[in-house]
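The structure appears below as structure tokens.
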Amino acid sequence: MQSSFQLGLELTNIFPLGEIVRNISNPLYTKLLSLARDLRKSGSDLLVEEDLAAIFGRALINRDLEQNFRKHVLQDSRVVPFHNGCNLVLDASAGPTISRALQPGDRYYLSTVIQLSFLCWGHSRASIAAGLVECMQKRSEMNVEGASTDPTFEGISGTLEACSSQTSSFAWSNLIHQVEGKMMQSYSGYKHVNDYISLAPSTLLASMDYLCIAQRWDERRMEISGPKGFLTIVVWAHYILDLSVVVKGVPGGDVVFARPDSRSRQVTIIWGFEGSDPEVCLLDSNNTIVLRTTSGDIELRELDACERLPLFGYGSVLLRREFDTSGESPVVEESVQQVVSMALIIATKLIRFKGPSHTISQFDGRQTWRIFDAASIMFSGLPIKRNSIDSYLKYVRAELGEMPALLGLPMPPALRGFLEKSNPGGNNILPVQFRLMRLSVLLVVLASVSNIKDCAELPILSDFSCLEGVGFTSAVQRNKGPIACGPSDLFFMFCQMLVGLHFITEEVSKDYQSFMVSDFGWTVYLPSFGDHDPASTVPECLFVRKGVPTNPKTRERKYRVCDAVSMGHKDSFMPCRQITDRGSTYTPRCLSQVIQRTEYYGSRKDSFRLEIAFEVHEQIEPEGDVRKFELHNSYFQFHSCLWNTVLTPPCEHEVVAGKTGNSDTSLGPNICAGTGLDWEDEEESSPEVPERICVLLVRGDRRSRWLAVENAAKSDVRFTMLRTAECCDRCAVDFAAKRPGKWLVIL
Numbered sequence: 068m069q070s071s072f073q074l075g076l077e078l079t080n081i082f083p084l085g086e087i088v089r090n091i092s093n094p095l096y097t098k099l100l101s102l103a104r105d106l107r108k109s110g111s112d113l114l115v116e117e118d119l120a121a122i123f124g125r126a127l128i129n130r131d132l133e134q135n136f137r138k139h140v141l142q143d144s145r146v147v148p149f150h151n152g153c154n155l156v157l158d159a160s161a162g163p164t165i166s167r168a169l170q171p172g173d174r175y176y177l178s179t180v181i182q183l184s185f186l187c188w189g190h191s192r193a194s195i196a197a198g199l200v201e202c203m204q205k206r207s208e209m210n211v212e213g214a215s216t217d218p219t220f221e222g223i224s225g226t227l228e229a230c231s232s233q234t235s236s237f238a239w240s241n242l243i244h245q246v247e248g249k250m251m252q253s254y255s256g257y258k259h260v261n262d263y264i265s266l267a268p269s270t271l272l273a274s275m276d277y278l279c280i281a282q283r284w285d286e287r288r289m290e291i292s293g294p295k296g297f298l299t300i301v302v303w304a305h306y307i308l309d310l311s312v313v314v315k316g317v318p319g320g321d322v323v324f325a326r327p328d329s330r331s332r333q334v335t336i337i338w339g340f341e342g343s344d345p346e347v348c349l350l351d352s353n354n355t356i357v358l359r360t361t362s363g364d365i366e367l368r369e370l371d372a373c374e375r376l377p378l379f380g381y382g383s384v385l386l387r388r389e390f391d392t393s394g395e396s397p398v399v400e401e402s403v404q405q406v407v408s409m410a411l412i413i414a415t416k417l418i419r420f421k422g423p424s425h426t427i428s429q430f431d432g433r434q435t436w437r438i439f440d441a442a443s444i445m446f447s448g449l450p451i452k453r454n455s456i457d458s459y460l461k462y463v464r465a466e467l468g469e470m471p472a473l474l475g476l477p478m479p480p481a482l483r484g485f486l487e488k489s490n491p492g493g494n495n496i497l498p499v500q501f502r503l504m505r506l507s508v509l510l511v512v513l514a515s516v517s518n519i520k521d522c523a524e525l526p527i528l529s530d531f532s533c534l535e536g537v538g539f540t541s542a543v544q545r546n547k548g549p550i551a552c553g554p555s556d557l558f559f560m561f562c563q564m565l566v567g568l569h570f571i572t573e574e575v576s577k578d579y580q581s582f583m584v585s586d587f588g589w590t591v592y593l594p595s596f597g598d599h600d601p602a603s604t605v606p607e608c609l610f611v612r613k614g615v616p617t618n619p620k621t622r623e624r625k626y627r628v629c630d631a632v633s634m635g636h637k638d639s640f641m642p643c644r645q646i647t648d649r650g651s652t653y654t655p656r657c658l659s660q661v662i663q664r665t666e667y668y669g670s671r672k673d674s675f676r677l678e679i680a681f682e683v684h685e686q687i688e689p690e691g692d693v694r695k696f697e698l699h700n701s702y703f704q705f706h707s708c709l710w711n712t713v714l715t716p717p718c719e720h721e722v723v724a725g726k727t728g729n730s731d732t733s734l735g736p737n738i739c740a741g742t743g744l745d746w747e748d749e750e751e752s753s754p755e756v757p758e759r760i761c762v763l764l765v766r767g768d769r770r771s772r773w774l775a776v777e778n779a780a781k782s783d784v785r786f787t788m789l790r791t792a793e794c795c796d797r798c799a800v801d802f803a804a805k806r807p808g809k810w811l812v813i814l
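Counting with my numbering, you get residues 68 to 814 for the letters of the sequence shown.
Here it is, written out as structure tokens:
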């Protein structure tokens, strides 16, 4: 910038000192402290919000947008408990940041929240936080009146996270679509790129002051060279701040965003500028440069685009962008059929697994209705022709086999013809194929969401390339035959799309073992969460709901809930391995009863930590004594163990839930029965349990069955089979007996 004195003078002329009235300066000191505590519990900070409001709170918000914003962020105020015994709730109501901003007459904080919400919608929060820190430091160095002297990345990042989680009901993407629709009317060659979303750091620095000056002073206007970040600038300046904007030099003519009665152009974007870095100028009425901001004024080189789109119509938007069309098109329609077909192929290829040599072909994703349910939301507005999909799959499987690699699939004729015509060399066919394949992987991930029809407003990243190299993405593209899907793959891939590129890196490096993750006001959690029977749990399913995990007593909010580290035994008495039944018959029963189950939550800096205490009374036979002990576990561990467990198929016999079987239930040769909570250290040639199959006696106690699943998974010798409610005790053992290897059968 040319002159820090000049910038200070510009701002002082428009905002005389003392004119800004801050409602936070309430004489009641206790009220101030209460607000500060509430903000900190939500992840924000009072001083950080004040520092940001000193910049963004000066701007006046478009009245229509303000009313629409209020309506959307207040439309859901539900506070829903998870399950009995859980100390957390899912809170979808307005948090303290937005509650303060929506107070009647308080446009100062509301202006701040609206602008920050928008910036976080299109950029990585970490990137925006880093940019704001450096911009605020620069303003402090320039001695701008009221500039913060000590912004921190952690403080600003926490405030942005709280802001975006409390305002995600307002879909900023609708305004982006309006801008692009108008651009396409004037410029037929327009094509969406991420550079149009991401601001240059120098543009962010300039916009923090220049937009306010242009809004308050008719003799000042802002000019930006180059299209980088123009979508963000147009929405920010015109739709949010009600400034008139013109994009000059666009092929086909200038594009104006202004009210009909507006005569002046307060913000100008020079489309044809060919320089590498945009230059931002503040001009006077004579077009004389008053202030100039360039890339040399700030050290940060880039802000990462991280645009979000609602799930409803997500794929429709991306395909229309891909093929540069806003209406119906055979190419777009064929692309939808291709993506859905590939998703159905993926679903038949995925298998759960345990170890390098043992696979379990038991994956719920094979239920095609899940794929079509997710596709109907993802491709809303586009036809999904099931007959065409069925015909295509029949042809592919006849030519390439039941489980082909996606990369070798034939491309529909209209799609291939379009790509060959648009690029005679054919260089763009493979990149488009990869993007469609990644979109099909995303469709499979979304199909794993049990309540996908309730997730139309879910905001996820528009750049689904973040799935590349994650989970089974690469394998399904290149490999034929079954593909192993790990216990965390679907969960991590969904979280990557919800949270951002850094999710898996942080999860692995910090060993979080998260079973519940929240961002942008939505929460996803593993199916093991809750107090239900393991056999009624579909391990391939995820649950997604609106709201943020909250402690209702303290009102503290966290964006991760993780397994606690203190697993294992908590008493001097521990479970033992006891074989009680050998011979031709046995009595199905429960020897290890869970008397009490208690969830304990602890708060950490970035998460809630949970462990579940199980008080167990284990019967010792034939003496009749009872061994009492306590085991601690948690949900991520339960999920991982259930993933490697085979569920019994239904049998033809009548099953009475919760009742023990008859004493003459067949046991058979090479089969025994006993207690089920201590199988970790069994050796291959164990003289204690030489039988090939051991039945774990935990029948009728769902909590004890979870403990048996977790403990059985620790065995390096035996595989695990879990009896379902549709299978009788005898058939459960028979199913295991028909398989090779040693087995633990959980009744």
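By construction, the Cβ of each residue, glycine as well, lies at the ideal position given by its N, Cα and C atoms. Given the structure is predicted, the values throughout are model-derived calculations rather than measurements.
Asked	Found
Is Val784 helix, strand or coil when you go by DSSP?	coil
Touch check for the segment 565-574 and the segment 733-744: three-plus C-beta pairs under 8 Å?	no
List the residues that DSSP assigns as beta-bridge partners of Phe324.	Val312
Please name the residue in Gly553, Leu169, Lys488 and Arg772 whose C-alpha comes closest to that of Asn135.	Leu169
Quick check on Gly213: does DSSP put it in helix, strand or coil?	coil
On a CA-only basis, which of Leu763, Glu346 and Asp217 is nearest Ile356? Give me that one, please.	Glu346
Please give the ranges of any beta strand (DSSP E) in the segment 476-523, keeping only runs that are unbroken, at least 3 residues long and fully inside the region.	none
Less than 8 Å between the beta carbons of Ile444 and Lys520, yes or no?	yes
Whole angstroms is fine: what's the gap from Gly538's alpha carbon to Asp801's?	34 Å
Per DSSP, Ala372 is paired with what?	His190
First and last residue of the alpha helix (DSSP H) that includes Pro148?	Run containing Pro148: none in the alpha helix (DSSP H); it sits in the beta strand (DSSP E), Val146 to Pro148.
First and last residue of the alpha helix (DSSP H) that includes Gly382?	Tyr381 to Glu389
Starting from the C-beta of Lys452, find all residues in its chain whose C-beta is less than 7 Å away, skip the five residues before and the five after it, and write them out in chain order.	Gln404
CA-CA distance, Lys295 and Ala273?	14 Å
Nearest to Glu469 by alpha carbon, out of Val146, Glu400 and Asn546?	Asn546
Quick one: what does DSSP say Phe610 is sitting in, helix, strand or coil?	strand
Please report the distance separating the alpha-carbon of Val156 from that of Glu574.	23 Å
On the three-state DSSP scale, how would you describe Phe705?	helix
Tell me, please, whether the segment 699-708 touches the segment 583-598 by the rule of three or more beta-carbon pairs shorter than 8 Å.	yes
Measure the alpha-carbon distance for Val301 versus Phe703 and round it to whole angstroms.	44 Å
How would you call Leu714, buried or exposed, if buried means at least 16 neighbouring beta carbons within 10 angstroms?	buried
What three-state label does DSSP hand Ile536 in the structure shown?	Correcting the residue type first, residue 536 is Gly in the shown sequence and not Ile. In the structure shown, Gly536 sits in coil (DSSP, three-state: anything other than H, G, I, E or B).
Applying the 10 Å Cβ sphere with the 16-neighbour rule, what's the burial state of Ala465?	exposed
Given Arg644, which residues of its chain have a CB within under 6 Å of its CB, disregarding the five upstream and five downstream residues?	Asp745
From what residue to what residue does the beta strand (DSSP E) around His699 run?	Asp692 to Asn700
What number of angstroms, rounded off, separates the C-alpha of Arg797 from the C-alpha of Glu719?	11 Å
Is the distance from the Cβ of Ile128 to the Cβ of Ile307 below 8 Å?	yes
Report yes if the CB atom of Cys522 is closer than 8 Å to the CB atom of Val406, and no otherwise.	no
Around the C-beta of Pro717, are 16 or more other C-beta atoms found within 10 angstroms, so that it is buried, or is it exposed?	exposed
Do Pro526 and Ala238 come within 8 Å of each other at the CB atom, strictly closer than that value?	yes
Could you work out which residue in Gln663, Ala514, Phe501 and Ile413 is closest to Gly548 when comparing CA atoms only?	Ile413
Can you tell me the Cα-Cα spacing of Arg772 and Arg671, whole angstroms?	30 Å
So what does Ile337 bridge to, in DSSP terms?	Ser292 and Lys315
Considering only the beta carbon of each residue, do Val628 and Ser674 sit closer than 8 Å?	yes
How long is the line joining the alpha carbons of Val147 and Tyr175, rounded to whole angstroms?	31 Å
Starting from Asn618 and walking both ways along the beta strand (DSSP E), at which residues does that stretch end?	Val615 to Asn618
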